[in-house]
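Chemist: If you use the working numbering, the sequence shown corresponds to residues 17 to 458, in order.
C-beta: ideal position from N, C-alpha, C; glycine also.
Values in this document were obtained by computation on a predicted structure and should not be read as measured data.
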Amino acid sequence: MFDVTDQLAEMMPTALTGRVVQTAGTAMAVADFPAPVGCQVEIQRQTGGAIYGEVIGFRNGQTLVSPLGELQGIRHGSQVRLRRTARQVRIGRALLGRVVNAHGEVIDGKSGPMLSEWARLDRSAPTPVERPRIDRPLTTGIRAIDGLLTCGKGQRVGIFSGSGVGKSVLMGMMARYTTADVNVIALIGERGREVNEFIERDLGPEGLQRSVVVVATSDEPPLVRLNAAFTATAIAESFRDQGRDAMLLLDSTTRLAMAQREIGLAAGEPPTTRGYPPSVFALLPKLIERTGQSALGSITAFYTVLVEGDDENEPIADTLRGLLDGHLWLSRKIAARGQYPAIDVLSSVSRLMTEVASVEHQQAAGRIRQLLAAYQDHEDLISIGAYRQGSNPTVDAAISLREALLLYLQQRIEESSNMDQAIEMLKKISDLSQQPAPNNQS
């Protein structure tokens with residue numbers, strides 16, 4: 017947030033102007049325009065009115081600008097004027113229950129909210145020594161997560177999966193059932209028809225009431241899709257600064273990286289791994305480090321990662337695993353069985369569970385993992401009837417409790433859960449697994 021004098025200086029139009037001399041793909045070159053990187057500009061068009069853009073770099077003495085609108089109507093010599101030197105968005109509690117675009121403007125057809133404060137999109141992350149330890153659990157409302165992959169307030173977690181495995185439904189359930197004070201949901205690069213489907217079906221009126229939804233669809237320019245992530249983060253930061261516990265759900269980080277790839281390549285960056293330029297791998301930690309816990313409040317962030325071809329080692333997924341405090345892997349194989357949410361518990365991890373869960377809870381969760389792993393290792397033998405009961409006590413328990421384990425991991429969309437319920441059910445299954453199994457052999 018700003019001092020009033022700083023706001024006026026950064027928002028008022030200036031006399032600095034230039035002219036378009038070249039367009040290439042999604043960027044344009046502007047001559048005689050020494051504006052700084054990151055500032056917002058106004059571009060006059062021959063038809064259709066002015067559009068905004070952002071300075072993304074320099075090349076051969078010319079300033080490169082990425083537009084926030086369509087290039088139609090721009091001609092050689094079109095005037096470009098510096099509009100403001102900092103990217104900002106209006107914030108406030110009145111945003112709750114609203115759907116906004118990447119610029120923070122409401123797009124839900126209702127009257128505009130009264131917002132008096134501004135926040136910068138390029139705010140710096142808190143310094144490491146300002147971050148308190150994460151030692152309080154956060155209820156997500158998803159039984160499998162709360163019991164086996166417990167998250168703390170201020171933790172950053174990735175949700176990794178291929179397309180069509182249930183990410184949106186999982187996000188909607190978390191937004192409805194979490195104990196976080198507010199939700200900020202960023203839908204980046206989504207198909208237009210899916211936005212209302214998510215808001216009305218997955219999120220519902222109950223979830224929307226305490227959420228802010230930021231939308232940038234796949235047909236919008238890459239800079240708009242990129243700014244949507246920064247707008248959502250800035251809104252979540254404003255709630256954290258008010259002392260509230262916010263949950264940030266960003267879907268998807270992969271499409272965010274693709275937007276930055278388009279911008280970076282247009283600016284002349286060299287492509288590296290799978291065509292991603294270096295700026296993509298510099299952007300991700302800057303955005304993610306802005307979330308977390310502060311002395312006032314917290315932002316617990318969940319970043320969905322669309323894994324290409326279900327390859328968990330593709331570059332964006334691999335980079336994010338190293339930046340985040342845990343990851344949830346959604347399995348297409350599990351989803352094909354009709355088990356939702358399709359969380360592969362054995363391939364998922366919460367790095368802070370040991371900090372926020374009791375010793376008894378951790379022991380029960382560890383026992384359930386042993387049962388799931390034992391059944392998975394012997395599944396082929398069990399399915400063909402080749403496993404002999406009594407050969408392995410852990411496998412015997414896994415077989416006898418298979419139905420209870422599946423019931424625990426599955427959760428209907430309309431079924432809510434809380435942390436106490438998840439732990440209690442977990443302990444009951446763990447206790448049953450340690451009871452002697454009946455000997456059915458003659």
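Using a 10 Å radius around the Cβ and a threshold of 16 neighbouring Cβ atoms, would you call Met187 buried or exposed?
Modeler: Walking along the sequence shown from the start, residue 187 turns up at place 171. Answer is buried; the Cβ neighbour count reaches 16.
Chemist: Shortest alpha-carbon distance to His343 belongs to which of Leu362, Ile90 and Tyr356?
Modeler: In the sequence shown, residue 343 corresponds to position 327, counting from 1. Closest option to His343, Cα to Cα, is Leu362.
Chemist: CB-CB under 8 Å to Thr194, same chain, minus the five flanking residues each way: which ones, in chain order?
Modeler: Here residue 194 is taken as the residue at index 178 of the sequence shown, counted from 1. Cβ neighbours of Thr194 beyond the five flanking positions: Leu154, Thr155, Thr156, Gly157 and Met263.
Chemist: Which two residues bound the contiguous alpha helix (DSSP H) that contains Met369?
Modeler: Position 353 of the sequence shown holds residue 369. Looking at the DSSP string, the run of the alpha helix (DSSP H) that includes Met369 is Met369 to Val372.
Chemist: Closest to Asp138 by C-alpha separation, out of Met435, Leu336, Lys302 and Gln451, would be which residue?
Modeler: Position 122 of the sequence shown, counted from the first residue, corresponds to residue 138. Ranking Met435, Leu336, Lys302 and Gln451 by Cα distance to Asp138 puts Lys302 first.
Chemist: Specify the secondary structure class of Leu24 as computed by DSSP and reduced to three states.
Modeler: Against the sequence shown, residue 24 aligns to sequence position 8. Because Leu24 carries a pLDDT of 45, less than 50, the predicted location of this residue cannot be relied on, and no value is offered for it.
Chemist: Among Ser446, Val115, Ser94 and Gln104, which residue has its Cα nearest to the Cα of Ser132?
Modeler: Locating residue 132 in the sequence shown gives position 116, where the first residue counts as 1. Checked all of Ser446, Val115, Ser94 and Gln104; the closest Cα to Ser132 is Gln104.
Chemist: Put Ile439 into one of helix, strand or coil per three-state DSSP.
Modeler: As a position in the sequence shown, residue 439 is number 423, starting the count at 1. Of the three classes helix, strand and coil, the one that applies to Ile439 here is helix, per DSSP.
Chemist: May I ask which residues mark the beginning and end of the alpha helix (DSSP H) holding Gln379?
Modeler: As a position in the sequence shown, residue 379 is number 363, starting the count at 1. Where Gln379 is concerned, the enclosing alpha helix (DSSP H) stretches over Val375 to Asp393.
Chemist: Applying the criterion that 16 or more other CB atoms from any shown protein chain within 10 Å of the CB defines a buried residue, is Thr143 buried or exposed?
Modeler: The residue labelled residue 143 in the question sits at position 127 within the sequence shown. Per the 10 Å Cβ criterion, exposed.
Chemist: Below 8 Å on the Cβ atoms is my guess for Gly163 versus Ile359; work out the distance and round it to an integer in Å.
Modeler: Within the sequence shown, residue 163 is the residue found at index 147, counting from 1. Within the sequence shown, residue 359 is the residue found at index 343, counting from 1. About 11 Å separates the two Cβ atoms, so there is no contact after all.
Chemist: Kindly give me the distance between the Cβ atoms of Phe176 and Leu346, rounded to whole angstroms, as I take these residues to be in contact under 8 Å.
Modeler: To locate residue 176, count along the sequence shown from 1; it is residue 160. To locate residue 346, count along the sequence shown from 1; it is residue 330. So it is a contact: roughly 7 Å between Cβ atoms.
Chemist: Please report the straight-line C-alpha distance between Ile350 and Leu397, rounded to a whole angstrom.
Modeler: Walking along the sequence shown from the start, residue 350 turns up at place 334. Walking along the sequence shown from the start, residue 397 turns up at place 381. About 19 Å.
Chemist: Residue range of the alpha helix (DSSP H) that Ala420 falls in?
Modeler: Within the sequence shown, the letter at position 404 stands for residue 420. Note, Ala420: alpha helix (DSSP H), Arg418 to Leu425.
Chemist: In the DSSP assignment, find the alpha helix (DSSP H) that holds Val240 and state where it starts and stops.
Modeler: As a first step, residue 240 must be located in the sequence shown, where it is residue number 224. It spans Pro238 to Asp257 - the alpha helix (DSSP H) in which Val240 sits, taken as one unbroken run.
Chemist: Using 7 Å as the threshold, is the C-beta distance between Ala51 and Glu58 below it?
Modeler: Here residue 51 is taken as the residue at index 35 of the sequence shown, counted from 1. Here residue 58 is taken as the residue at index 42 of the sequence shown, counted from 1. Taking 7 Å as the Cβ cut-off, Ala51 and Glu58 do not qualify as a contacting pair.
Chemist: What does a CB cutoff of less than 7 Å around Asp124 pick up in its chain, not counting 5 residues either side in sequence?
Modeler: Position 108 of the sequence shown holds residue 124. So the list reads Arg114 and Val115, once near-sequence residues are dropped.
Chemist: Just the Cα atoms here: how many angstroms apart are Asp327 and Gly64?
Modeler: If you number the sequence shown from 1, residue 327 lands on position 311. If you number the sequence shown from 1, residue 64 lands on position 48. Roughly 44 Å between the two C-alpha positions.
Chemist: Around the C-beta of Asp218, are 16 or more other C-beta atoms found within 10 angstroms, so that it is buried, or is it exposed?
Modeler: Within the sequence shown, numbered from 1, the residue matching residue 218 stands at position 202. It counts as buried.
Chemist: I'd like the span of the alpha helix (DSSP H) that includes Pro11, first residue to last.
Modeler: Outside the shown range of the chain, which is 17 to 458, sits residue 11, and nothing can be said about it.
Chemist: Looking at the secondary structure, which residues open and close the alpha helix (DSSP H) in which Asn212 lies?
Modeler: Position 196 of the sequence shown holds residue 212. Per DSSP, Asn212 belongs to the alpha helix (DSSP H) from Gly208 to Glu213.
Chemist: Mapping DSSP to helix, strand and coil, what is Tyr356?
Modeler: Translated into positions along the sequence shown, residue 356 becomes position 340. Here Tyr356 sits in coil by DSSP.
Chemist: Which runs of the beta strand (DSSP E), 3 residues or longer, sit entirely within the stretch 104–143?
Modeler: The stretch 104–143 contains these whole beta strand (DSSP E) runs: 104–107, 114–116 and 133–136.
Chemist: Is the beta carbon of Leu32 sitting closer than 7 Å to the one on Leu80?
Modeler: The residue you call residue 32 lines up with position 16 of the sequence shown. The residue you call residue 80 lines up with position 64 of the sequence shown. The answer is no: Cβ separation not under 7 Å.
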